[in-house]
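> Before I ask anything, here is the structure I am working with.
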Amino acid sequence: MGDIVIKDKYTIKDDLLYTKDSEWVKQEGDVWIYGISNYASVELGELAYVELPAVGDTFSNADSMGIIEALKAVVDFYAPFDCEVVEVNADLEDDAAPITEDCYGEGWILKVKPTNGTDHLLNVEDYVKLVEKMIEEGTH
Amino acid sequence: MTEDFKGHPYLANSKEDMDGMMEYLGIKDVEELYSDIPDEIKFKGELDIPYYESEYALMEAVKAKLSKNLTTRELRSFIGGGVLDIYVPALQDEILRRTEFYSGYTQYQEEVSQGSLQALWEYQSMVCELTEMDVANASLYDWATGVGEAALMCARITRRNKFLYTSAIGPNREAVLQNYVTGAKLSLSIIPHDNATGKMDIAKAKEMMDDTVAGIYIENPNFFGVIEDEIEEIINDAHEKGIRVVVGVDMNSLALIKPPGEYGADICIGEGQTIGGGPLNFGGPLLGVIAMKYDKRDIRQMPGRIVGITITQKEGERAFCNTLQTREQHIKRERATSNICTNEALVALSCAVHLSLLGKEGYKDTAETMYLSAHYVASELEKIGAKRVFSGEFFNSFIVDLKVPKDKKKEFTNFMLERKILAGILHSSDGENYDLLVTTSYLLCEDDLNDFVKAIGEWRN
């Protein structure tokens, strides 16, 4: 299918799963890599700081795991499912720019291990529909 | 209120207005608005306030009442413990009361008020220079809230929930700290002091510092007036275990003794009233000083407003701004770094003006005067047999062994008041006998010091 570009502005990758809060995850063995989608990073604009959880922290699905500070807004990022943090991208604490520049690559935020189900994640079609709906409703 | 009340010459609300408002609120009596206040602390009976007086008669009545107050202008003050009798030069008031500055609140749309921001930035810079720290905020309420905020900061930074403090802490600061940490579920432990020197027990401190401790708070000079000259010995230990070191200072002492930034403390707090925040006034307004070493991650845990300096986008002109605002309530809402949203901007400004007027030399001169006066009083008292309780070196405060029995405290205070002396703070370690914490400001002249020594001699006889 290939990556999807919405409104010439937001790139949604087709090989990832998503949450309704615009985070992406990708399974690699036991561990899932986690970040925010390009839609979220474009909307946030230039970032000032990322507050990461600690390795070993455990979260329930949709718990706040940390905070992303943009220049004029602060948002939480949420657990994609019940999980334990196994690795954090600590470089982001010094420089959050990779999230803006390469949110699906260098800008990954955490690696987590699910401690329960992951079935509720959105596939790319559903996530794209959700983004289109948010744009239409102006709730983004 | 009288039955025939039709209105009041100075209040805009007529009886009709008030009835309308009460009907809307569904109450029968104004008193019902205060029903949340516990009965035992409510004033009972009728307030005996005359209904009409001429302005002249009113002013005279107020003046007569006020003249019964005794202030540090009529009395010689030996009170310290976190506040100090200071002199506010006329010029300080003149600048402070300029309409551009004179507001109890931080300006809204602050960046428009570049002058105010610059003044606060200057204040922060002075605090950093005095404490040798990298970052200061634009003020907290007072020293006591500073202790609470610093404890919470350490907990957030380290993600630990134990906090240590030394026993030689000001009692009001200890009380505020205890209150402050209850919500955050921080557990507190006290490091004892050495009974001979009055300094913290270093061995015990080291023993109590393990890697579950978030931070340690030490006052220097401590509440007993004693200089804690061994803090450096625990700094490395603390840092190796990831513990943050918070030092509470007498801001005047920094003119003569090493500032916390120099010996490796992470956070420094103190009281700004004593360096020019303002005169003593029924205990306030005070000024909480807080400063820290720079760390990109840790600085986000500092509470309150921080004013920064930058350049404008187009012309590259110098500009002041609020910085790191994402920590604050108006952006981060319930997850804000602190619930401190008001600050003491006006008092901070006042402090900056005071320090500017004093200058580097004046600041040092006043501190030297305080130091010399205290040492003179201590040695004169010793001559008449009134010894210091602790042997540790001191700045401008010390505890003199008086052993005033609990039931004679009032008598002692009045005895000294009769001699136009505000004697200091009575302090007890056992709740039975009270010793006296004596502090000398730079406003006391030789006669005042001699009168004090004489009065103590008379009391002891």
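Sequence order for the protein chains is A and B. Our numbering applies: residue 1 is where the first sequence begins, and numbers increase by one. Our numbering applies: residue 141 is where the second sequence begins, and numbers increase by one. For glycine and all other residues, C-beta sits at the position ideal for the given N, C-alpha and C. Being a predicted model, the structure only gives us computed values, none of them experimental.
Got a sec: is the Cβ-Cβ distance from B:T239 to anything in chain A below 9 Å?
Not a single C-beta of chain A is nearer than 9 Å to the C-beta of B:T239.
> Note down, in chain order, every chain B residue with its Cβ under 8 Å from the Cβ of A:D94.
K436
> Using DSSP with H/G/I as helix, E/B as strand and the rest coil, what is B:D541?
strand
> Mapping DSSP to helix, strand and coil, what is B:P229?
coil
> Where DSSP assigns a beta bridge to A:D76, which residues make up the other side?
Per DSSP, A:I67.
> Output needed in chain order: residues of the stretch 44-58 of chain A with a Cβ under 8 Å from some Cβ in chain B.
A48, Y49, E51 and A54
> Considering Cα atoms alone, identify which of B:I358, B:I330, B:L495 and B:G382 is closest to B:G412.
B:L495
> Measuring only between beta-carbons, confirm whether B:A354 sits less than 9 Å from chain A.
no
> Taking C-beta pairs closer than 9 Å, name the residues in chain A that B:T466 reaches, listed in chain order.
A48, Y49, I67, E69, A70, L71, K72, A73 and V74
> Can you give the Cα-Cα distance for B:L486 and B:L187, rounded to whole angstroms?
34 Å
> Compare the Cα-Cα distances from B:L224 to each of B:L577, B:G597, B:N601 and B:N590 and report the closest residue.
B:L577
> Unbroken beta strand (DSSP E) runs of length 3 or more, entirely within the stretch 516-574 of chain B: which are they?
537-545 and 565-567
> Starting from B:M432, trace the alpha helix (DSSP H) in both directions and tell me its first and last residue.
Segment G428 to M432 is the beta strand (DSSP E) holding B:M432; no alpha helix (DSSP H) there.
> Please report whether the beta-carbon of B:R528 lies at a distance below 9 Å from any beta-carbon of chain A.
no
> So B:S513 and B:T580 are in contact, right, with Cβ under 8 Å, and what is the actual spacing, rounded?
4 Å
> Measuring straight from C-alpha to C-alpha, what distance separates B:V267 and B:I409?
10 Å
> Where DSSP assigns a beta bridge to A:Q27, which residues make up the other side?
For A:Q27, which the question treats as bridged, DSSP gives the partners A:W32.
> Can you tell which of B:E214, B:D233 and B:S253 has the C-alpha that lies nearest to the C-alpha of B:A459?
B:S253
> Using a Cβ-Cβ cutoff of less than 8 Å, which residues in the same chain neighbour B:K604 once the five nearest sequence positions on both sides are dropped?
Because chain B is modelled from 141 through 601, residue 604 of chain B falls outside the range shown and cannot be assessed.
> Starting from the beta carbon of B:R299, find every residue of chain A whose beta carbon is closer than 7 Å, and list them in chain order.
A54
> Please state the DSSP three-state secondary structure of B:M349.
coil
> What does a CB cutoff of less than 6 Å around B:S327 pick up in its chain, not counting 5 residues either side in sequence?
K302
> Using the Cα positions of B:T142 and B:Y242, report the straight-line distance between them to the nearest angstrom.
Its pLDDT being 49, under 50, B:T142 is placed unreliably in this model, and the value from its coordinates should be taken loosely. About 39 Å.
> Could you compute how far the alpha carbon of B:I367 sits from the alpha carbon of B:K523?
23 Å
> Quick check: what's the CA-CA separation for B:F535 versus B:S217?
17 Å
> If you measure beta-carbon to beta-carbon, which residues of the stretch 436-453 of chain B are closer than 8 Å to chain A?
K436, R437 and R440
> Report the partner residues of B:E411 according to the DSSP bridge assignment.
Its beta-bridge partners are B:G428.
> Is the stretch 109-124 of chain A in contact with the stretch 12-23 of chain A, if contact means three or more CB pairs nearer than 8 Å?
yes
> Just how far apart, CA to CA, sit B:A378 and B:D351?
9 Å
> Would you kindly work out how many angstroms separate the C-alpha atoms of B:M432 and B:Y227, rounded to a whole number?
29 Å
> What's the C-alpha gap between B:G338 and B:T306?
11 Å
> Could I get the ranges of all uninterrupted alpha helix (DSSP H) runs contained in the stretch 239-327 of chain B, with 4 residues as the minimum, in chain order?
Fully enclosed alpha helix (DSSP H) runs of 4 or longer: 254-271, 283-298 and 311-322.
> I'd like to know if the stretch 190-209 of chain B and the stretch 446-454 of chain B are in contact, where contact means that at least 3 CB-CB pairs between them fall below 8 Å.
no
> Give the straight-line distance between the Cα atoms of B:I330 and B:Q318, rounded to the nearest whole angstrom.
12 Å
> By the three-class DSSP mapping on this structure, what secondary structure does B:T509 have?
helix
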